[in-house]
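Following: one structure in structure tokens, then a few remarks.
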Amino acid sequence: MKKAYDVIIIGGGVVGCAIAWFLSHFDLKILLLERELDVCCGISKANTGIIHSRSYLTPGTVKGELHQRALSWFPKIEKELDFHPSVTGALTVAFNQDDLNYLKSLKNIGKYDDAEILSPQESLLLEPNLSDRIVATYYDPRAAVASPFRLTLAFAEGAALNGVEFHFDSSVEGFDHQGKKIIVHTPNENYEASYVVNAAGLSSAKIAKKSGDQIPVFSTFKGEYFLLDKESQGLVKKILYPVPNSLSKGILVSPTPEGNILAGPNFESSCADDTSTTSQGLNEVRAGAQKLVPRFPFNQTIQIFAGIRPTLPERDFLIFVSKKHPGLIHLCGIESPGLTASPGIAEYVGELLIQQGLSLKEKDQIIFRKAFPVFHDCDWKKREELIAQDPDWGQIVCRCEEVTLAEVKYALRMNPPARTMDGLKRRIRVTAGRCQGSFCQMHLPSIVMNLLNIGIQDLLKSDKNSNLLVGKTKKVVNTHATPH
Ligand SMILES: Cc1cc2nc3c(=O)[nH]c(=O)nc-3n(C[C@H](O)[C@H](O)[C@H](O)COP(=O)(O)OP(=O)(O)OC[C@H]3O[C@@H](n4cnc5c(N)ncnc54)[C@H](O)[C@@H]3O)c2cc1C
400 MKKAYDVIII GGGVVGCAIA WFLSHFDLKI LLLERELDVC CGISKANTGI IHSRSYLTPG
460 TVKGELHQRA LSWFPKIEKE LDFHPSVTGA LTVAFNQDDL NYLKSLKNIG KYDDAEILSP
520 QESLLLEPNL SDRIVATYYD PRAAVASPFR LTLAFAEGAA LNGVEFHFDS SVEGFDHQGK
580 KIIVHTPNEN YEASYVVNAA GLSSAKIAKK SGDQIPVFST FKGEYFLLDK ESQGLVKKIL
640 YPVPNSLSKG ILVSPTPEGN ILAGPNFESS CADDTSTTSQ GLNEVRAGAQ KLVPRFPFNQ
700 TIQIFAGIRP TLPERDFLIF VSKKHPGLIH LCGIESPGLT ASPGIAEYVG ELLIQQGLSL
760 KEKDQIIFRK AFPVFHDCDW KKREELIAQD PDWGQIVCRC EEVTLAEVKY ALRMNPPART
820 MDGLKRRIRV TAGRCQGSFC QMHLPSIVMN LLNIGIQDLL KSDKNSNLLV GKTKKVVNTH
880 ATPH
């Protein structure tokens with residue numbers, strides 16, 4: 400017999416997880432189906448992580464409207480999910496008179512009393528490493544940065560706590576109709592639902608076509624990045640935006656919530672699955688970053704990476720009810736600011752579901768998520784308390800990020816749990832520091848194998864075919880042999 404749900408969500412990116420969390424406030428049986436082994440494996444894992452403030456919304460567009468709506472959700476996210484973006488503020492940098500006119504438009508859009516246009520001297524006081532060729536900056540104190548992994552996981556964990564089921568390794572292949580029900584096909588199992596939300600990111604257009612719906616041809620554009628070591632912390636304290644071009648917000652320089660510095664992204668035509676970096680693309684990012692911060696220390700790079708944007712010709716989000724299956728909603732073209740807009744998108748999807756006949760009855764009680772402590776961020780008093788409660792807090796597993804055994808255990812048992820090495824990295828930053836795992840990947844695999852009770856061949860880096868180790872090459876015969 401097919402398992403039946405009120406709502407099935409396809410895709411465990413930030414948008415699918417935000418929708419799951421939003422709907423988990425109501426009396427509904429909800430399932431999220433994700434093709435990969437974890438949440439946050441698509442677009443949501445490789446982006447700039449900026450929670451763009453109101454100054455940067457695009458008036459007159461769906462994405463602008465949902466961006467604006469989303470901003471009012473963040474206080475609720477802080478309260479219910481214990482997730483707190485780092486409010487850094489932002490400077491948008493003008494190098495000429497045209498740029499300066501653009502800064503004035505930002506002030507008109509944002510309408511923040513405390514946002515202002517600053518002279519070069521005032522700007523350099525705030526950011527001494529900024530180029531001295533600037534003519535002015537627009538200072539917006541509200542812009543923030545957030546870990547896209549942690550935001551997605553907070554939504555997912557909050558949804559799971561309130562009853563949403565997650566099935567991984569479940570790629571949706573197509574749909575059928577049985578009366579008013581939609582049958583969702585995956586290779587392992589078929590499911591029945593009254594309503595289905597297609598939030599499959601780069602694959603959502605393909606899925607929309609499978610259901611018989613037409614969407615405009617969309618293109619994919621890569622954005623490449625440099626990530627600097629924490630040694631560079633303080634290089635810039637605020638997000639530095641250039642004036643955007645006709646294609647994107649441009650190459651910016653930003654602190655991350657964890658204390659690294661990020662430069663990027665460029666905007667380069669690419670295939671949907673090509674997350675490689677190129678020397679040409681990285682040179683473009685280098686030039687863009689150096690325009691803002693001439694002494695940008697590229698020698699402190701610890702990681703380069705790329706993310707992919709799904710862009711429709713109108714450069715707007717396309718969220719619509721299927722013409723073939725009432726009860727099926729497609730979300731296409733969710734590019735920037737999709738991370739910021741995700742709770743606004745979730746609320747809007749809820750409204751579309753109501754229009755299609757879903758009744759949303761609020762639950763009597765909602766379980767609030769409490770974020771697990773991050774040892775690295777705790778002061779010494781808190782660290783001592785944690786170690787006194789459980790000695791696993793005193794066992795450092797990753798030196799660069801000071802991740803403890805207690806955190807590894809938590810990441811493996813939380814819901815949804817980490818089942819791959821990348822899943823651990825996204826949850827607790829193990830292997831995300833300066834050495835990028837070259838030290839901790841020596842002992843972390845055996846810890847994970849023991850805790851999950853799996854064999855060496857079952858340890859995966861990211862997806863199903865990413866075995867970290869293929870077998871033993873040598874057998875240890877006598878570890879205590881004394882030298883002659
Ligand atoms: C370079 C870049 C920079 C950006 N910077 C910012 C920023 O600073 N601020 C901001 O607000 N936004 C930013 N964005 C936009 C933001 O990252 C995206 O809008 C957002 O992550 C999209 O999330 P999603 O859930 O729609 O897609 P995804 O994260 O891709 O999630 C879709 C999920 O669906 C799954 N899936 C696919 N096919 C199937 C299937 N058949 N069955 C089951 N599951 C399936 C995928 O595995 C994936 O996990 C940026 C984007 C890029 C590319």
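Residues in the sequence shown are numbered consecutively from 400, following the working numbering.
For each residue, glycine too, the CB sits at the ideal point set by N, CA and C.
Note that the coordinates shown come from a computational prediction; the quantities given were computed from them, not determined experimentally.
- Contact check for Cys797 against Leu785 fails: the beta carbons are separated by 8 Å or more.
- Listed in chain order, the non-local C-beta contacts of Glu572 below 8 Å within the same chain comprise His584, Thr585, Pro586 and Lys609, local neighbours out to five positions each way being set aside.
- Within 10 angstroms of the beta-carbon of Ile728 lie 16 or more other beta-carbons, which makes it buried.
- In its chain, beyond the 5 residues on either side, Val796, Cys797, Glu800, Val802, Val807, Leu823, Cys839 and Leu843 have a beta carbon closer than 7 Å to the beta carbon of Val829.
- Runs of the alpha helix (DSSP H) spanning 4 or more residues and lying entirely within the region 709-756 occur at 737-754, in chain order.
- Checking the 7 Å criterion, the Cβ of His566 is out of range of every heavy atom belonging to ligand 1.
- About 6 Å separates the CB atoms of Leu661 and Thr655; that is less than 8 Å, so the two are in contact.
- Under the 10 Å beta carbon count, Tyr538 is surrounded by 16 or more other beta carbons and is classified as buried.
- At the C-beta level, Lys760 and Phe425 come within 8 Å of one another.
- Excluding sequence positions up to five before and after Gly743, its CB lies within less than 6 Å of the CB of Leu465, Arg468 and Ala469, all in the same chain and listed in chain order.
- As the crow flies, the alpha-carbon of Arg541 is around 42 Å from that of Leu850.
- Counting only the Cα atoms, Phe620 lies some 10 Å from Thr674.
- As the crow flies, the alpha-carbon of Pro484 is around 6 Å from that of Val544.
- Every unbroken stretch of the beta strand (DSSP E) spanning 3 or more residues and falling wholly within the region 779-842 is given here in chain order: 795-797.
- When secondary structure is reduced to three states using DSSP, Lys402 falls in the strand class.
- Contact between the region 699-714 and the region 621-638 is established, with three or more Cβ pairs separated by less than 8 Å.
- For Tyr747, the closest alpha carbon among the candidates Ile449, Asp513 and Val461 is that of Val461.
- Pairing Val492 with Leu691 gives a Cβ-Cβ distance under 8 Å.
- By the neighbour-count criterion, in which a residue is buried when 16 or more other Cβ atoms sit within 10 angstroms of its Cβ, Tyr590 is buried.
- The beta carbon of Ala810 sits closer than 6 Å to the beta carbons of Ala817, Leu823, Arg826 and Ile827 from its chain, once the five residues preceding and following it are set aside; these are given in chain order.
- Look at the region 411-497 and you find these whole runs of beta strand (DSSP E), each 3 residues long or longer: 429-432 and 489-493.
- Judged by DSSP in its simplified three-state form, Phe565 adopts strand.
- Boundaries of the beta strand (DSSP E) around Ile581: Lys580 to His584.
- Between Asn495 and Leu738, the C-beta spacing is not below 8 Å.
- Between the alpha carbons of Gly410 and Leu757 lies a gap of roughly 20 Å.
- At least one heavy atom of ligand 1 sits closer than 7 Å to the Cβ of Ile707.
- In this structure, Gly448 places its C-beta atom within 8 Å of the C-beta atom of Pro547.
- Between Leu550 and Phe482, the gap from beta carbon to beta carbon is short of 8 Å.
- In this structure the region 596-606 lies against the region 715-732, because at least three pairs of beta carbons, one per stretch, are closer than 8 Å.
- When secondary structure is reduced to three states using DSSP, Ser593 falls in the strand class.
- In the assembly as shown, Trp792 is a buried residue. Its beta-carbon has 16 or more other beta-carbons within 10 Å.
- Closest option to Lys769, judged by alpha-carbon separation, among Ala553, Gln754, Lys637 and Thr487: Ala553.
- Asn866 carries a strand assignment under DSSP once its states are collapsed to helix, strand and coil.
- Buried is the label assigned to Cys439, since at least 16 other Cβ atoms lie within 10 Å of its Cβ.
- Under the DSSP assignment, Thr536 falls outside any alpha helix (DSSP H), being part of the beta strand (DSSP E) whose first and last residues are Ala535 to Asp539.
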